[in-house]
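Peer 1: In the numbering used here, the protein residues as written are 17 to 312. From the three backbone atoms N, C-alpha and C, an ideal C-beta is built for every residue, glycine too.
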Ligand code: GLU
Ligand code: ZN
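(1) For residue 235, which three-state DSSP category applies?
(2) Alpha carbon to alpha carbon, how far is residue 36 from residue 286?
(3) Quick check on residue 193: buried or exposed, where buried means 16 or more other Cβ atoms within 10 Å of its Cβ?
(4) Can the beta-carbon of residue 269 be found less than 8 Å from the beta-carbon of residue 30?
(5) So which of 38, 49 and 152 has the shortest CA-CA distance to residue 17?
(6) Go to residue 211, then tell me how far its beta strand (DSSP E) extends in each direction, as first and last residue.
(7) For residue 118, is the beta carbon positioned less than 7 Å from some heavy atom of the ligand ZN?
(8) Specify the secondary structure class of residue 132 as computed by DSSP and reduced to three states.
(9) Where residue 144 and residue 58 are concerned, what is the direct C-alpha to C-alpha distance, given to the nearest angstrom?
(10) Mind checking residue 32: buried by the 16 CB within 10 Å criterion, or exposed?
(11) If we require 3 or more residues per run, which beta strand (DSSP E) segments fall completely within the stretch 21-66?
(12) Which same chain residues end up closer than 7 Å to residue 297 when comparing Cβ atoms and leaving out the 5 residues on each side of it in sequence?
(13) Is the CB of residue 222 under 8 Å away from at least one CB in chain C?
(14) Quick one: is residue 126 buried, meaning 16 or more other Cβ sit within 10 Å of its Cβ, or exposed?
(15) Relative to the C-alpha of residue 128, which residue among 176, 281 and 99 is closest?
(16) Report the rounded CA-to-CA distance for residue 66 versus residue 72, giving the unit in angstroms.
(17) Kindly indicate which residue of 34, 168 and 98 has the alpha-carbon position closest to the one of residue 246.
(18) To the nearest angstrom, report how far apart residue 38 and residue 172 are at their CA atoms.
(19) The alpha helix (DSSP H) that contains residue 122, what's its start and end?
(20) Look up residue 110 in the DSSP assignment and say whether it is helix, strand or coil.
(21) Cα-Cα, which of 60, 68 and 216 is closest to residue 91?
(22) Considering only heavy atoms of the ligand GLU, does any lie closer than 7 Å to the CB of residue 24?
(23) What do you reckon, are the CB atoms on residue 109 and residue 231 nearer than 8 Å?
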């Protein structure tokens with residue numbers, strides 16, 4: 017059976033250069049490893065997702081020429097996420113956390129990357145809880161050894177990196193970590209290629225996926241966990257060498273498109289900025305994918 021790779025944009029804006037570079041890596045990996053491509057619209061954050069962005073992502077991918085084999089949208093899985101939550105809760109792996117953002121910052125150590133390392137203050141609290149709260153997962157205190165196809169080997173303990181993390185936020189929305197783990201499991205994803213800005217999430221996703229699979233298998237349609245292959249790609253850097261985070265990509269591809277640029281020009285521009293081409297010259301999508309595939 018061929019493996020499956022996914023491209024998983026969050027519809028909190030239109031596609032920008034960061035997405036486009038990720039898409040090129042995903043399509044390149046699919047070419048290299050002969051994989052099916054799945055488009056997953058990650059609209060777990062219902063406070064920020066918009067229909068116009070969902071439509072826009074599909075339109076822009078089509079306009080650029082990216083073709084995929086299947087598609088899903090996270091919001092159609094929310095009932096299932098609830099079933100998984102119920103199961104994890106029944107087994108004692110979930111607790112409500114009433115700490116405010118301010119408390120979280122002041123009462124816990126902060127990691128080198130600026131993240132709160134939650135010490136488990138609310139762990140003894142039991143549901144139901146009438147105050148505003150997030151739901152946290154009891155993550156095992158265990159080192160995860162994992163391999164990145166580009167960056168090599170990592171040994172990370174999520175309990176030490178971030179502690180028990182939220183699977184549902186204070187607004188009642190499913191978190192990225194929870195949604196992505198369930199979807200990667202149920203959609204049979206075998207290859208995960210994404211920007212290195214999310215590399216830190218990998219150990220926690222491995223730990224959470226294992227826990228979800230072990231807890232729900234047999235009762236819910238969740239398969240035994242087989243760890244996917246991981247590759248985290250470099251990001252585009254600005255002229256001072258600083259990585260552009262997704263939020264810092266100032267404009268969307270639509271703005272270039274509306275200003276009259278062709279798809280080939282936009283593809284050439286991104287490969288140039290990412291250091292694949294010495295000049296900013298137009299390039300066809302097939303060629304662009306082949307160039308990125310060479311680097312894998
Ligand atoms: N939805 C995430 C994003 O757009 C990507 C998630 C992933 O590839 O794991 O940043
Ligand atoms: Zn708390």
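Peer 2: If we stick to the structure as given:
(1) For the purposes of this step, residue 235 is taken as residue 219 along the chain shown, with counting starting at 1. Residue 235 falls in the coil class under three-state DSSP.
(2) Sequence index remark: in the chain shown, residue 36 carries index 20 (1-based). Sequence index remark: in the chain shown, residue 286 carries index 270 (1-based). Whole-angstrom Cα-Cα distance: 8 Å.
(3) The sequence position of residue 193 within the chain shown is 177, counting from 1. Buried.
(4) Translated into the one-based positions of the chain shown, residue 269 becomes position 253. Translated into the one-based positions of the chain shown, residue 30 becomes position 14. Yes.
(5) The residue labelled residue 17 in the question sits at position 1 within the chain shown. Out of 38, 49 and 152, 49 has the C-alpha closest to the C-alpha of residue 17.
(6) Here residue 211 corresponds to residue number 195 of the chain shown, with the count starting at 1. Taken as a continuous stretch (DSSP letters only), the beta strand (DSSP E) holding residue 211 covers 207-211.
(7) As a working mapping, residue 118 is identified with position 102 in the chain shown. No, the ligand ZN has no heavy atom inside 7 Å of this Cβ.
(8) Residue 132 sits at position 116 when you count from the first residue of the chain shown. In this structure, residue 132 counts as strand in the three-state DSSP scheme.
(9) Translated into the one-based positions of the chain shown, residue 144 becomes position 128. Translated into the one-based positions of the chain shown, residue 58 becomes position 42. The alpha-carbon atoms of residue 144 and residue 58 are separated by roughly 28 Å.
(10) Locating residue 32 in the chain shown gives position 16, counting from the first residue. It is buried - the Cβ of residue 32 has at least 16 other Cβ atoms within 10 Å.
(11) 52-57
(12) Working through the chain shown from its first residue, we reach residue 297 at position 281. Excluding positions up to five away in sequence, the list reads 284.
(13) Here there is only one protein chain, and chain C is not present.
(14) On the chain shown, residue 126 is found 110 positions in, with the first residue counted as 1. Flag for residue 126 reads exposed.
(15) Indexing the chain shown from 1 puts residue 128 at position 112. Of the candidates 176, 281 and 99, the one whose C-alpha sits nearest the C-alpha of residue 128 is 176.
(16) Counting from one through the chain shown, the residue named residue 66 turns up at place 50. Counting from one through the chain shown, the residue named residue 72 turns up at place 56. Distance from the CA of residue 66 to the CA of residue 72, rounded to the nearest whole angstrom, comes to 10 Å.
(17) Mapped onto the chain shown, residue 246 falls at position 230. For the residues 34, 168 and 98, the minimum Cα distance to residue 246 belongs to 168.
(18) For the purposes of this step, residue 38 is taken as the residue at position 22 of the chain shown. For the purposes of this step, residue 172 is taken as the residue at position 156 of the chain shown. Roughly 24 Å separates the two Cα atoms.
(19) Counting from 1 along the chain shown, the entry for residue 122 is found at position 106. Segment 117-123, the alpha helix (DSSP H) holding residue 122.
(20) Counted from its first residue, the chain shown places residue 110 at position 94. Three-state result, residue 110: strand.
(21) Residue 91 sits at position 75 when you count from the first residue of the chain shown. When only C-alpha atoms are compared, the closest one is 60.
(22) Residue numbering aside, residue 24 sits at position 8 when the chain shown is read from its first letter. Answer for residue 24: yes, Cβ within range of the ligand GLU.
(23) Looking up residue 109 in the chain shown gives position 93. Looking up residue 231 in the chain shown gives position 215. Yes, Cβ-Cβ distance for residue 109 and residue 231 is below 8 Å.
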